[in-house]
Every structure is written in structure tokens, then in C-alpha cells.
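Chains as they are written, first to last, in my numbering: chain C, 325 to 628; chain S, 134 to 407.
Following this line, the structure appears as C-alpha cells:
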């Protein structure tokens, strides 16, 4: 009697439901969207082939360029600032608070920073539109109470300020994610590295630069990639806080494509916008993956 | 001694920063128990004079909040379970079955996970109308089951790739077929990872906005996020109503946070570095 050695492709059957579901929900819609990007279509009737006309129009569309320019601001607010702040906070919580005041204190503080991350982004938007309201809003009232009444602003309604207000809200929302990842990463760093550096007389800053940063490289690359992609996709916060306004001052690609699809119903044009966004995100994902594998290899080399 | 004195400024600075993160929740909660008259008289910074709950009650009834909560629970719960099952099946074939071309299959799932929903939203809207599923909770459940399973497959595949092969070989020699190996051995052993996935799928789906906003137009089907987001978008709410909306939106998230805190923080670290 031989033990029946099944061909290993009998496992492929387990993949069948997944592959079918992915075809129906992701692959087919994605191909449709890409195809529609080459047509002139209002959502009813048959799409009319128009080749690259939509893309040519995009090049001259100042709204389109503005929305991607705002995306850069979102990357600063959701990737650059939270990563930098998260690194410093994680190092301080782990190194100082955890060691001198106990891990419980560090865990409670970490929980406070992480809390906004579990909030639905639409709800975070409501909380902040209420706080930033021009009349009766808590921020303006606070400014008045401390004698800075002259600094009161229409935080979300002034085209010069709205983008920065949205950025501030997004930093608040995003900060917890890098912090938690970095703190977990610090947990696997060999404490002897720090002790040795301390014995050698390295101050906090040098230990932070040469040990914390160097050891957290894999985490930093993951967080930066992940947060940059999230920043390019940001939709809910803009929808709830400003609807892209005032006067397009906070428009972002995802909101722009949403409005083009469902408000002006230029489906072909909207599809072209979302295709550009997709290409950008996929390129970033590939670059991020590369960076991540390299950082992991380096990290392993250093530890070996 | 000297270092002990130097430590406190760091602690105080971090506590202040943490306070800044939490303060928005506190002001929202404090103001939700003020009457509109009190709010307009003293503004948002005063302490409440008494406990006024009619504002919250009014808002609850006006938006039929119980129904919205039920919809969110139904959608997020179904997605969590179905997406976990789909992830397990996919990951079993990839991580343990080591099917041919698995690297490509895995890359495919990973890219599907990165794809922006903006590139799917119109065709999904159009197709769901054709299929008669538009404005049904089922349509949202189907779509998010697949989207969440993309991440779940990716994570579980790498976990199952390190599964001890001897256990599986031994079960095979005892005559277990592939199904039995999956349900009797692989699933029970991977329970911790599957648990993390369930929690994350639930919360992610709860927090989703764009696709549910497009797919669920009628009041009876909307989720908490969509209902509150649309209300806010219409700019029809006064300050006290907005505050009630904020508090009712925050509360479920706070409950999840307290219940799942450990899973969340541990899971994020696992997911990010896999």
C-alpha cells in the first residue's frame, strides 16, 4: 500500500472560490474602469470610443493638477509628519517612559495616541468640523478665552487655511499607526545595543539616530509606503470636512473622481482620473515593496 | 538623582501630547449633555450644568440610529466571517499547498489590496444595478468580503508558509484528506491569526466610507458612517446636533477599542512587518 500522494494541484481547488470572487469584484470592474477611461460616456447608452481624448483633456485641466498638488500636502500630513513624530514619540515612550515609569504608563499613553485610528474617518470628520466651526466652534472659543480672539478663523471655510486645517486633522487621525508599529519594532531591538552605546557615552540623540533609526528601517519603509498610499486615497475626511471646497481649495484626486462620476456624471473622464491615480499607487506600491525587502535584507545582514 | 529630575519633563510633554489627542473626545462628550440653550449661552468650553439627554435622544430617533447600528453590525460581522473563510481557503492553497505559480497569485492578491476603490466604484455601482443588488446590504457585504480577503490572503499565506510540515505529513499518513487537514489541523492551529483578522476586518469594514456611500442610498440600508457623513455633508445640522452625531459615532468605536485593544495593537505590528 502506498500512501496516496495527491498531485499538489489538488490544492488549487481551494483557490477556486477566491479566484472567481476576485474576478467578479476586482478584475472585471477594474478592466471596465480602465476601458471606460478611453470613452466618452455619461453612464447611460453605449460608451463612445474616444481614444486618449480624456487623458489629453486631463493635461489641460487645472482642477486635475490642483487635486494632485493637494495630494502632496496629504502625503506630508499622513506620511511624513506622522512618521517623524511617531519615531520620536515611540522612542521616548519606549526608552524613557517604559524604562523609568513602567510599561503600564507607556501602554496607556500609547493607547491615547492610537485612539483616533479606530474612529471611522467620517466620524473623525464630524468631530473636527464641530470643533473647527467658525461660530461657537471650540477652537475659536478657546482662542477667545485665552485672549487670542484676533486669531479666530473660519478654519474650514477660508480657502487660504482650509487645506492646512484638513492636514492637521489627518495628522491627528494618522499618528497612532506609525507609533504602534515603531513601538512594536523597538521591542525586538536588542537592549544591549542601547546599554553599550550608553556606556560609550552616547547621548539620547545619538542613540536615537544610530540605533533606533537604523534598527527600525524595515518598519519605517513599511509605514512610509503604507501611509503615502493612504494619503493618495484620502476621501472620507475631505468629503465630510470640506467636500473639496471652498472653491476647490481642498480637492483631492479621489474626491475629484467621485464628483466627476456621480455629480457631473462624466463617467469616462472620471474613469481616466481614477486610472491615473491607480497607476501612481501601483508604482508606489512596487517601489515600497522593493524598499521593504531591501531594508529587511539589510537588517538581517546587520543582525547576522 | 539628577537624571530622575530630568525625566519628568519628558513625561509631562508626552502626557500633554496624549491629552491633545484625547481632548476632542472629551469636549464632544461634555457638550452632548448640554441643552441647545445652554450651549448658545455659554459656548462649548463651559462645564455642563446638568445632564440633558434629550438632544441625543432626539438625534437617535431622527436618524433611526438603532437601524444604522444594526446595519453596520450586520455588514461588518458578515464581512469579517466570510472574508476570514475566503482568506483561509486561499492561504491554504498558497501557503500549504504551494500550488504552481503561487508567487504570482500572491502578488496578484497584494496588488488587489493596494488598488484604490476609486478605480472600482463606478463599475461596481453599474454592475450591482444590472444584477439588481444596488442599494442592498448584500452588495456591500460581497464587495468587502473580497477586498478584505485580499489582505487576509496575503497575511495568512506567509503565516501558513511557515506551518510545520511534519504535522501535515503525519495527518496524511493517518489517512486524512486535504479538507480534514484544513479543518482539523490548520484552522485550529492558526486560530490566533484568524482572530486578529476577524477583528481587523470587522473594524475596517465598520469604518469604510466611499463604497457604502455610493452603494447604500436608502435610509434603511445605510451604515453608521454613511448616515452621519451624509448628514454632515448636507450642512443642515446645528452645533448641538452635530455634536450628538459626533458622540454617537464615537461611542461604538470606543467600545471596539476597549474590547479589542490588545488584539489591535499586536495585530498592527504583525501586519506591518508580517
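C-beta: ideal position from N, C-alpha, C; glycine also.
Any chain S beta carbon closer than 9 Å to residue i
{"i": "residue 535(C)", "result": "no"}
{"i": "residue 356(C)", "result": "yes"}
{"i": "residue 577(C)", "result": "yes"}
{"i": "residue 614(C)", "result": "no"}
{"i": "residue 599(C)", "result": "yes"}
{"i": "residue 530(C)", "result": "no"}
{"i": "residue 453(C)", "result": "yes"}
{"i": "residue 626(C)", "result": "Any reading at residue 626(C) must be qualified, since the residue scores a pLDDT of 48, below 50, and its modelled position is unreliable; the value itself is stated next. Judged by the 9 Å Cβ criterion, residue 626(C) is not in contact with chain S."}
{"i": "residue 327(C)", "result": "With a pLDDT of 46 at residue 327(C), under the threshold of 50, the modelled position of this residue cannot be trusted; read the value that follows with caution. Judged by the 9 Å Cβ criterion, residue 327(C) is in contact with chain S."}
{"i": "residue 411(C)", "result": "no"}
{"i": "residue 373(C)", "result": "no"}
{"i": "residue 519(C)", "result": "no"}
C-alpha gap between residue i and residue j, whole angstroms
{"i": "residue 358(C)", "j": "residue 227(S)", "result": "29 Å"}
{"i": "residue 592(C)", "j": "residue 361(C)", "result": "5 Å"}
{"i": "residue 350(C)", "j": "residue 363(S)", "result": "26 Å"}
{"i": "residue 409(C)", "j": "residue 499(C)", "result": "7 Å"}
{"i": "residue 398(S)", "j": "residue 430(C)", "result": "13 Å"}
{"i": "residue 240(S)", "j": "residue 392(C)", "result": "27 Å"}
{"i": "residue 586(C)", "j": "residue 595(C)", "result": "11 Å"}
{"i": "residue 445(C)", "j": "residue 234(S)", "result": "38 Å"}
{"i": "residue 205(S)", "j": "residue 357(S)", "result": "6 Å"}
{"i": "residue 397(C)", "j": "residue 528(C)", "result": "31 Å"}
{"i": "residue 271(S)", "j": "residue 348(S)", "result": "10 Å"}
{"i": "residue 460(C)", "j": "residue 176(S)", "result": "6 Å"}
{"i": "residue 606(C)", "j": "residue 407(C)", "result": "21 Å"}
{"i": "residue 478(C)", "j": "residue 253(S)", "result": "35 Å"}
{"i": "residue 251(S)", "j": "residue 581(C)", "result": "7 Å"}
{"i": "residue 264(S)", "j": "residue 258(S)", "result": "10 Å"}
{"i": "residue 294(S)", "j": "residue 312(S)", "result": "18 Å"}
{"i": "residue 365(C)", "j": "residue 590(C)", "result": "6 Å"}
Pick from the options that is closest to residue i, judged by C-alpha positions
{"i": "residue 368(C)", "options": "331(S), 260(S), 377(S), 205(S)", "result": "260(S)"}
{"i": "residue 540(C)", "options": "570(C), 603(C), 504(C), 560(C)", "result": "504(C)"}
{"i": "residue 402(C)", "options": "546(C), 558(C), 364(C)", "result": "558(C)"}
{"i": "residue 187(S)", "options": "330(S), 267(S), 374(S), 255(S)", "result": "374(S)"}
{"i": "residue 335(S)", "options": "160(S), 168(S), 281(S)", "result": "281(S)"}
{"i": "residue 506(C)", "options": "543(C), 494(C), 472(C)", "result": "543(C)"}
{"i": "residue 336(C)", "options": "360(S), 388(S), 224(S)", "result": "224(S)"}
{"i": "residue 579(C)", "options": "346(S), 400(S), 311(S), 181(S)", "result": "346(S)"}
{"i": "residue 371(C)", "options": "385(C), 381(C), 356(C)", "result": "356(C)"}
{"i": "residue 287(S)", "options": "169(S), 355(S), 216(S)", "result": "216(S)"}
{"i": "residue 452(C)", "options": "396(S), 385(S), 394(S), 379(S)", "result": "379(S)"}
{"i": "residue 152(S)", "options": "420(C), 549(C), 522(C), 496(C)", "result": "496(C)"}
{"i": "residue 198(S)", "options": "388(S), 355(S), 395(S)", "result": "355(S)"}
{"i": "residue 417(C)", "options": "299(S), 147(S), 277(S)", "result": "147(S)"}
{"i": "residue 424(C)", "options": "142(S), 274(S), 269(S), 191(S)", "result": "142(S)"}
Residue i: CB within 8 Å of a non-hydrogen atom of the ligand PLP
{"i": "residue 461(C)", "result": "Judged by which ligands are present, the structure shown has none, so any question about the ligand PLP falls away."}
Whole-angstrom C-beta distance between residue j and residue i, which should lie under 8 Å
{"i": "residue 221(S)", "j": "residue 320(S)", "result": "6 Å"}
{"i": "residue 555(C)", "j": "residue 399(C)", "result": "4 Å"}
{"i": "residue 577(C)", "j": "residue 483(C)", "result": "At roughly 19 Å, the Cβ-Cβ gap does not stay under 8 Å, so residue 577(C) and residue 483(C) are not in contact."}
{"i": "residue 157(S)", "j": "residue 450(C)", "result": "In fact, because the Cβ distance is near 11 Å, the residues do not count as touching under 8 Å."}
{"i": "residue 574(C)", "j": "residue 490(C)", "result": "5 Å"}
{"i": "residue 283(S)", "j": "residue 245(S)", "result": "4 Å"}
{"i": "residue 383(S)", "j": "residue 432(C)", "result": "19 Å between Cβ atoms; not a contact."}
{"i": "residue 414(C)", "j": "residue 537(C)", "result": "Contact flag wrong, Cβ pair sits at about 11 Å."}
Minimum Cβ-Cβ distance from residue i to chain C less than 9 Å
{"i": "residue 280(S)", "result": "yes"}
{"i": "residue 300(S)", "result": "no"}
{"i": "residue 327(S)", "result": "no"}
{"i": "residue 109(S)", "result": "Only positions 134 to 407 of chain S appear in this structure, which leaves residue 109(S) out of reach."}
{"i": "residue 323(S)", "result": "no"}
{"i": "residue 195(S)", "result": "no"}
{"i": "residue 317(S)", "result": "no"}
{"i": "residue 232(S)", "result": "yes"}
{"i": "residue 237(S)", "result": "no"}
{"i": "residue 399(S)", "result": "yes"}
{"i": "residue 208(S)", "result": "no"}
{"i": "residue 243(S)", "result": "yes"}
{"i": "residue 135(S)", "result": "Residue placement at residue 135(S) is poorly supported in this model, since its pLDDT is 49, which falls under 50; the coordinates still yield a value, given next. Chain C, which has no Cβ nearer than 9 Å to the Cβ of residue 135(S), makes this no."}
{"i": "residue 330(S)", "result": "no"}
{"i": "residue 296(S)", "result": "no"}
{"i": "residue 223(S)", "result": "yes"}
{"i": "residue 406(S)", "result": "The predicted model places residue 406(S) with a pLDDT of 45, which falls under 50 and marks its position as unreliable; any figure quoted below should be read in that light. So yes, residue 406(S) belongs to the interface."}
{"i": "residue 256(S)", "result": "yes"}
Problem - Completely contained beta strand (DSSP E) runs for the stretch 265-336 of chain S, where each covers 3 or more residues - result: Fully enclosed beta strand (DSSP E) runs of 3 or longer: not present.
Exercise for the section: Would you mind listing the alpha helix (DSSP H) stretches within the stretch 173-197 of chain S that are 4+ residues and don't spill past its ends, in chain order? Expected result: As far as the stretch 173-197 of chain S is concerned, its whole alpha helix (DSSP H) runs of at least 4 residues are 187-195.
Practice task
Could I get the ranges of all uninterrupted alpha helix (DSSP H) runs contained in the stretch 412-459 of chain C, with 4 residues as the minimum, in chain order?
Solution key: Runs of alpha helix (DSSP H) with 4 or more residues, each lying fully within the stretch 412-459 of chain C, are found at 422-425, 427-442, 445-455, listed in chain order.
Exercise for the section: Report the residue ranges of all alpha helix (DSSP H) runs contained in full by the stretch 478-532 of chain C; include only those spanning at least 4 residues, in chain order. Expected result: For the alpha helix (DSSP H) assignment, the uninterrupted runs of no fewer than 4 residues enclosed by the stretch 478-532 of chain C are, from N- to C-terminal side, 486-498, 500-511, 515-523, 528-531.
Exercise for the section: Any chance you could list the alpha helix (DSSP H) runs of at least 4 consecutive residues sitting entirely within the stretch 194-253 of chain S, in chain order? Expected result: Fully enclosed alpha helix (DSSP H) runs of 4 or longer: 198-224, 235-247.
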